[in-house]
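Just so it is clear: in the sequence shown, position 386 is 495 by my numbering, and no numbers are missing. Ideal placement from N, C-alpha and C gives every residue a C-beta, glycine not left out.
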Amino acid sequence: MDKMVIRGGERLLGQTRVSGSKNAALPILCAAILTPEPCTLRGVPALRDIRTTRLLLDRLGVKMSADAGDVVIDAKNLSGHEAPYEIVKTMRAGVLVLGPLVARLGRARVSLPGGCAIGARPIDQHLKGLEKLGAHIRLEHGYVEAEAPQGLKGAVINFDVPTVGGTENLLMAATLAQGKTVIANAAREPEIEALAEWLRAMGAKIDGDGTDEITIRGVTELHGADLPLIPDRIETGTLMVAAGITQGNVLLQNVRLDQVEAVVDKLRQAGLVIEPENDGVRVVGPHKVRAVDVRTHPYPGFPTDMQAQFMALMCINDGLSVVTETIFENRFMHVLELQRMGASIHIEGRSAMVRGTPFLSGAPVMATDLRASASLVLAGLTAEGVTEVQRIYHLDRGYERLDDKLIALGAKISRATQDTV
Ligand code: EPZ
């Protein structure tokens with residue numbers, strides 16, 4: 110098992126390119142199941158979650174081939190209808206084949222994902238929505254068994270919570286349903302708009318994505334599509350914090366500033382200078398970071414996926430910042446590890462009171478999930494001495510060569526095999 114060894118204290122300087130969005134790629138790859146024609150998604154990052162999706166699609170008889178980030182998905186011979194436990198337990202996004210499989214084959218058997226390091230994360234809203242579309246759902250032996258032998262029928266679906274994955278699953282399912290579907294209280298994340306754009310390119314009739322009410326008029330068949338992927342907005346924010354926390358000066362390329370407004374707003378309040386340039390967005394870190402409160406919300410609010418990284422930045426100022434997590438109930442696992450690096454953080458319910466210190470001190474720490482590991486890497490960049498982030502495989506699920514990008518900007522990072530006792 111690999112660990113990442115970071116010698117802190119280097120200012121990050123230079124330019125780097127943000128990779129394609131993981132959380133847009135995963136549903137889009139699943140959406141390609143909806144047609145027997147080949148589809149091409151361009152600019153797909155080389156990530157562990159993408160490899161896991163490929164494994165899942167392979168089990169379904171779908172061929173996926175990649176050439177330098179351009180991925181071709183061919184579901185002509187779609188034969189399987191099961192997403193097995195071994196795959197869904199390692200990547201919850203495996204449940205995103207549920208909607209497309211029921212829509213195209215009239216049945217699906219998908220493992221319930223079970224618990225997760227950051228919260229309970231049920232999929233009740235996905236199932237409630239599919240039932241509204243006429244699917245018969247049973248939960249048996251840890252699996253969701255969904256059937257709609259006569260096809261799905263359009264309906265009004267009103268989510269109790271705006272769920273990203275639920276909106277994606279239902280959006281995909283409704284494209285081939287008979288008649289009109291309305292998804293109310295839909296999630297508005299840019300990844301939903303990216304999926305809708307992809308589905309439209311496949312021939313789907315969708316309006317209202319990006320708002321909380323999406324209307325889908327079902328069609329009888331979809332065809333192949335060929336589109337580039339949007340940039341990863343969470344990698345964008347993470348690299349901005351990397352520049353800010355090291356007093357760096359970095360030009361980020363392949364950035365959609367309109368999709369990271371809430372993050373940019375908070376980072377500017379913290380003292381970072383973030384300005385568009387011809388060839389990207391320049392990020393300059395302040396001499397002294399200012400304390401800023403932040404509260405996570407569904408898009409367009411501050412994303413939960415940036416909470417841990419923002420907290421790392423808040424550890425090194427001379428004020429008090431309150432970081433409140435409202436989306437997931439257990440997303441403070443990084444706090445104990447940041448404390449091992451000298452951070453002064455006190456948790457009260459859903460809020461973390463972060464009292465800034467002038468510096469952090471390098472230490473061996475343990476990654477517990479994807480964004481927690483990013484937060485520890487960021488803390489390591491500014492800490493005095495050496496930080497060893499163990500279980501770094503979490504980072505590789507969602508960041509493409511983050512260490513190589515940081516090294517190219519001047520960070521002192523290496524990978525080593527983790528000692529086992
Ligand atoms: C997506 O997860 C992202 N994953 C997550 O990114 C992200 O943190 C999350 O959205 C919120 O933005 C992917 O896109 C692959 P939700 P998802 O359904 O779809 C509750 C990362 O680090 N809920 O919007 O699983 C749920 O418990 C990851 O890249 C229900 O109650 O999130 C949570 O409190 C981690 N019932 C809230 O809604 C349901 O049926 C939002 O979850 C579904 C969700």
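Helix or strand or just coil, what does DSSP make of residue i?
| i | result |
| --- | --- |
| residue 139 | helix |
| residue 110 | coil |
| residue 495 | strand |
| residue 318 | strand |
| residue 199 | coil |
| residue 241 | helix |
| residue 367 | helix |
| residue 503 | helix |
| residue 183 | strand |
| residue 482 | helix |
| residue 397 | coil |
| residue 297 | coil |
| residue 449 | helix |
| residue 455 | strand |
| residue 335 | strand |
| residue 219 | strand |
| residue 284 | coil |
| residue 162 | helix |
| residue 123 | strand |
| residue 385 | strand |
| residue 359 | strand |
| residue 194 | helix |
| residue 231 | coil |
| residue 525 | strand |
| residue 423 | helix |
| residue 349 | helix |
| residue 208 | helix |
| residue 273 | helix |
| residue 264 | coil |
Going by other Cβ atoms of all chains shown within 10 Å of its Cβ, with 16 needed for buried, is residue i buried or exposed?
| i | result |
| --- | --- |
| residue 208 | buried |
| residue 132 | buried |
| residue 238 | buried |
| residue 378 | exposed |
| residue 223 | exposed |
| residue 318 | buried |
| residue 112 | buried |
| residue 271 | buried |
| residue 526 | exposed |
| residue 139 | buried |
| residue 186 | exposed |
| residue 225 | exposed |
| residue 278 | buried |
| residue 288 | exposed |
| residue 213 | buried |
| residue 457 | exposed |
So, residue i versus residue j, is the Cβ gap smaller than 8 Å?
| i | j | result |
| --- | --- | --- |
| residue 406 | residue 435 | yes |
| residue 498 | residue 463 | no |
| residue 295 | residue 323 | yes |
| residue 242 | residue 293 | no |
| residue 469 | residue 483 | no |
| residue 415 | residue 443 | no |
| residue 511 | residue 504 | yes |
| residue 146 | residue 327 | no |
| residue 149 | residue 180 | yes |
| residue 158 | residue 202 | yes |
| residue 440 | residue 227 | yes |
| residue 338 | residue 129 | yes |
Of the residues the options, which one's Cα is nearest the Cα of residue i?
| i | options | result |
| --- | --- | --- |
| residue 253 | 110, 216 and 433 | 216 |
| residue 313 | 128, 144 and 272 | 144 |
| residue 424 | 467, 508 and 129 | 467 |
| residue 285 | 392, 141, 183 and 352 | 141 |
| residue 385 | 422, 349 and 300 | 349 |
| residue 152 | 135, 211, 204 and 248 | 135 |
| residue 389 | 413, 358 and 408 | 358 |
| residue 471 | 446, 351 and 479 | 446 |
| residue 340 | 524, 192 and 362 | 362 |
| residue 432 | 409, 460 and 448 | 460 |
Consider the Cβ of residue i: report whether some Cβ of chain C lies at a distance smaller than 8 Å.
| i | result |
| --- | --- |
| residue 401 | Structure shown: chain C not included; a single protein chain is present. |
Open item on the list: Across the segment 113-125 and the segment 144-164, are there enough close Cβ pairs to call them in contact, namely three or more that are closer than 8 Å?
Closed with: no
TODO: Spell out a yes or no on whether the segment 111-119 and the segment 476-495 are touching, meaning 3 or more CB-CB pairs, one atom from each, closer than 8 Å.
DONE: yes
Open item on the list: Does the structure place the segment 244-253 close enough to the segment 267-274 that three or more beta carbon pairs sit under 8 Å?
Closed with: no
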